[in-house]
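Residue numbers for the sequence shown follow the numbering used here, beginning at 14 and rising by one.
One structure is given here, and the rest of the page talks about it.
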Amino acid sequence: MRIKTLFTLLLFPLSLLAEEKFSYIPQIHGTFRGRYELETENMENRFQIRNARLSVNGFVAPIIDYYIQFDACDRGKMKFLDAWGRLSFTKEFNVQVGQFRKPCGLDAFRSPANQYFANRSFIAKQVGNIRGVGGKITYKPRFAPLTIEAGVFNKGTTDNQEAYAKSMSYAARIIFAKNGFTALGGWQTIVYDIVRVGLVDAALQYEYDRWHLEAEYMYKHYRHEESPDCHAYNAFVEYKMPVKMGVFNQTSFLARFDGMTDHSDGISGDDLELDITDVARNRITVGGTLSYVYKKVHADIRLNYEKYLYHSDYTPTQGNRDKIVAELVVRF
Numbered sequence: 014m015r016i017k018t019l020f021t022l023l024l025f026p027l028s029l030l031a032e033e034k035f036s037y038i039p040q041i042h043g044t045f046r047g048r049y050e051l052e053t054e055n056m057e058n059r060f061q062i063r064n065a066r067l068s069v070n071g072f073v074a075p076i077i078d079y080y081i082q083f084d085a086c087d088r089g090k091m092k093f094l095d096a097w098g099r100l101s102f103t104k105e106f107n108v109q110v111g112q113f114r115k116p117c118g119l120d121a122f123r124s125p126a127n128q129y130f131a132n133r134s135f136i137a138k139q140v141g142n143i144r145g146v147g148g149k150i151t152y153k154p155r156f157a158p159l160t161i162e163a164g165v166f167n168k169g170t171t172d173n174q175e176a177y178a179k180s181m182s183y184a185a186r187i188i189f190a191k192n193g194f195t196a197l198g199g200w201q202t203i204v205y206d207i208v209r210v211g212l213v214d215a216a217l218q219y220e221y222d223r224w225h226l227e228a229e230y231m232y233k234h235y236r237h238e239e240s241p242d243c244h245a246y247n248a249f250v251e252y253k254m255p256v257k258m259g260v261f262n263q264t265s266f267l268a269r270f271d272g273m274t275d276h277s278d279g280i281s282g283d284d285l286e287l288d289i290t291d292v293a294r295n296r297i298t299v300g301g302t303l304s305y306v307y308k309k310v311h312a313d314i315r316l317n318y319e320k321y322l323y324h325s326d327y328t329p330t331q332g333n334r335d336k337i338v339a340e341l342v343v344r345f
């Protein structure tokens, strides 16, 4: 009798979830981003399919859902991105296992469908863009507007899932969100081959009426000083308003300042040394977006100008110079 009572108590939260109405029909979402770029210094230009991303998600039971995402054309290459399953023990607590972005950072978590600018910040692209294969737990307490995530992941990159290792990678973040204000703190320790790398992240976000303001800082430390510590930062503001211009019903104006010090991706070369993969730089981005928004369909025409600021003795490589970017984004 006591055992039956214990099982009833344990399964009671699951029965509450099961009483809710769920649709078991898979949902398909997609994002297409096609662009034209012109480097203003040498007047070289190109067209590019930046993303042709598709995802499928849904429920197989009231407490079990899944997600699969791949990019059919990321600058001409196909990429497998995410695949995970999740079990929700209660409305507040769930466990997720698979391949997905490690829980650390804010801007790095934005998908192409939700980006504000044509090109991601240096935090989102170079410093904090880290996926892993592993598991995480998420807890959302009822007593506060918090989300707490913590995970453990394989050593190395996502393309090597056969190897065993004594060391693992870990990540965690906590998010406070209320009345348009969001504060985030994150921590991560990762090891690719021989060097363990630590990251600390802090971000603030505020939305009020037509305004969106955001600032983020990420610190990357290489144990035993295998490479200089990296400091990356990102701050931007958006002002959006409704319009009536043909089919378009929304427009926004944006400005961003971001930058980073010398950065290594943490993967050693043939000489077992860490090389600088991204040199120190700053960037100023200004632009605007004209949008058509109807239910789940969203189309943007985006125009950005990027001004890069390097040290005087560095000659920037192609693709990392001052440029104008015109982009068409379609998402559903």
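Don't be surprised by glycine CBs; every beta carbon is placed ideally from N, CA and C.
Delimiting residues of the beta strand (DSSP E) encompassing residue i
{"i": "LYS90", "result": "90–101"}
{"i": "GLN61", "result": "57–74"}
{"i": "TYR205", "result": "Where TYR205 is concerned, there is no enclosing beta strand (DSSP E), given that its DSSP letter is neither H nor E."}
{"i": "ILE38", "result": "No beta strand (DSSP E) contains ILE38, which DSSP labels as neither H nor E."}
{"i": "HIS311", "result": "310–322"}
{"i": "ASN247", "result": "243–258"}
{"i": "GLU227", "result": "224–235"}
{"i": "ALA131", "result": "Taken as a continuous stretch (DSSP letters only), ALA131 belongs to no beta strand (DSSP E), as it is neither H nor E."}
{"i": "LYS179", "result": "Counting along the chain, LYS179 falls outside any beta strand (DSSP E), and DSSP gives it neither H nor E."}
{"i": "GLN218", "result": "209–221"}
{"i": "CYS117", "result": "Here CYS117 belongs to no beta strand (DSSP E), and DSSP marks it neither H nor E."}
{"i": "GLU54", "result": "Where GLU54 is concerned, there is no enclosing beta strand (DSSP E), given that its DSSP letter is neither H nor E."}
{"i": "LEU159", "result": "159–166"}
{"i": "GLU269", "result": "This sequence places Arg at residue 269; Glu is not what is there. Looking at the DSSP string, the run of the beta strand (DSSP E) that includes ARG269 is 261–273."}
{"i": "GLU286", "result": "Neither: GLU286 is in no beta strand (DSSP E) and is coded neither H nor E."}
{"i": "LYS336", "result": "336–344"}
{"i": "SER304", "result": "294–307"}
{"i": "ARG144", "result": "144–152"}
Best match in the options for proximity to residue i [C-alpha to C-alpha]
{"i": "PHE156", "options": "ASN132, ALA163, ASN142 and PHE189", "result": "PHE189"}
{"i": "ASP172", "options": "GLY111, ASN132, HIS42 and LYS309", "result": "GLY111"}
{"i": "SER240", "options": "GLY282, ILE289 and ASP206", "result": "ILE289"}
{"i": "GLU238", "options": "ALA216, THR264 and ILE207", "result": "ILE207"}
{"i": "GLY118", "options": "VAL69, GLY198, GLN61 and SER277", "result": "GLY198"}
{"i": "LYS309", "options": "ASP291, ALA126, THR328 and ARG88", "result": "ALA126"}
{"i": "ARG296", "options": "MET231, TYR323 and GLU286", "result": "TYR323"}
{"i": "ALA293", "options": "ALA184, GLY164, GLU220 and HIS276", "result": "HIS276"}
{"i": "LEU287", "options": "VAL204, SER124 and TYR307", "result": "VAL204"}
{"i": "GLY71", "options": "ARG59, ILE136, ALA96 and TYR37", "result": "TYR37"}
{"i": "ARG186", "options": "ALA196, GLU175 and GLU162", "result": "GLU162"}
{"i": "THR160", "options": "ARG133, ASP120 and GLU105", "result": "GLU105"}
{"i": "HIS244", "options": "LEU217, HIS42, MET258 and ASP291", "result": "ASP291"}
{"i": "ASP222", "options": "PRO154, PHE194 and PRO158", "result": "PHE194"}
With 16 other Cβ atoms within 10 Å as the buried cut-off, status of residue i
{"i": "VAL342", "result": "buried"}
{"i": "GLU340", "result": "buried"}
{"i": "PRO116", "result": "buried"}
{"i": "LEU22", "result": "The predicted model places LEU22 with a pLDDT of 46, which falls under 50 and marks its position as unreliable; any figure quoted below should be read in that light. Answer is exposed; the Cβ neighbour count stays below 16."}
{"i": "LYS191", "result": "exposed"}
{"i": "LYS320", "result": "exposed"}
{"i": "GLY332", "result": "exposed"}
{"i": "GLY282", "result": "exposed"}
{"i": "ALA74", "result": "exposed"}
{"i": "ARG269", "result": "buried"}
{"i": "GLU50", "result": "buried"}
{"i": "ASP214", "result": "buried"}
{"i": "SER180", "result": "exposed"}
{"i": "SER325", "result": "exposed"}
{"i": "MET231", "result": "buried"}
{"i": "ILE77", "result": "exposed"}
{"i": "ALA176", "result": "exposed"}
{"i": "PHE135", "result": "buried"}
{"i": "PHE113", "result": "buried"}
{"i": "ALA178", "result": "exposed"}
{"i": "ARG344", "result": "buried"}
{"i": "GLN40", "result": "exposed"}
{"i": "THR298", "result": "buried"}
{"i": "ASP242", "result": "exposed"}
{"i": "GLN109", "result": "buried"}
Cβ separation of residue i and residue j, assumed to be a contact under 8 Å, to the nearest whole Å
{"i": "LEU267", "j": "GLY211", "result": "Not really, about 32 Å apart at Cβ, beyond 8 Å."}
{"i": "ASP335", "j": "GLU57", "result": "That belief does not hold up - the Cβ atoms of ASP335 and GLU57 are roughly 12 Å apart, past 8 Å."}
{"i": "TYR305", "j": "VAL260", "result": "5 Å"}
{"i": "LYS92", "j": "PHE83", "result": "7 Å"}
{"i": "ARG209", "j": "ALA131", "result": "No, ARG209 and ALA131 are not in contact; Cβ-Cβ is about 34 Å, not under 8 Å."}
{"i": "GLY145", "j": "PHE122", "result": "Their Cβ separation, rounded to whole angstroms, is 14 Å, which puts GLY145 and PHE122 out of contact at 8 Å."}
{"i": "GLY98", "j": "TYR129", "result": "Actually they are not in contact, since the Cβ atoms of GLY98 and TYR129 sit about 31 Å apart, beyond 8 Å."}
{"i": "TYR246", "j": "GLY272", "result": "6 Å"}
{"i": "THR151", "j": "SER182", "result": "At roughly 18 Å, the Cβ-Cβ gap does not stay under 8 Å, so THR151 and SER182 are not in contact."}
{"i": "GLY147", "j": "GLY164", "result": "6 Å"}
{"i": "TYR307", "j": "ILE337", "result": "The Cβ separation is near 29 Å, so there is no contact."}
Given 8 Å, three or more beta-carbon pairs between the stretch 133–151 and the stretch 310–318 = no
Is the number of C-beta pairs between the stretch 250–260 and the stretch 223–230 that are closer than 8 Å three or more?
-> yes
Kindly confirm or deny that the stretch 34–48 and the stretch 59–71 touch, where touching means at least three C-beta pairs closer than 8 Å.
-> yes
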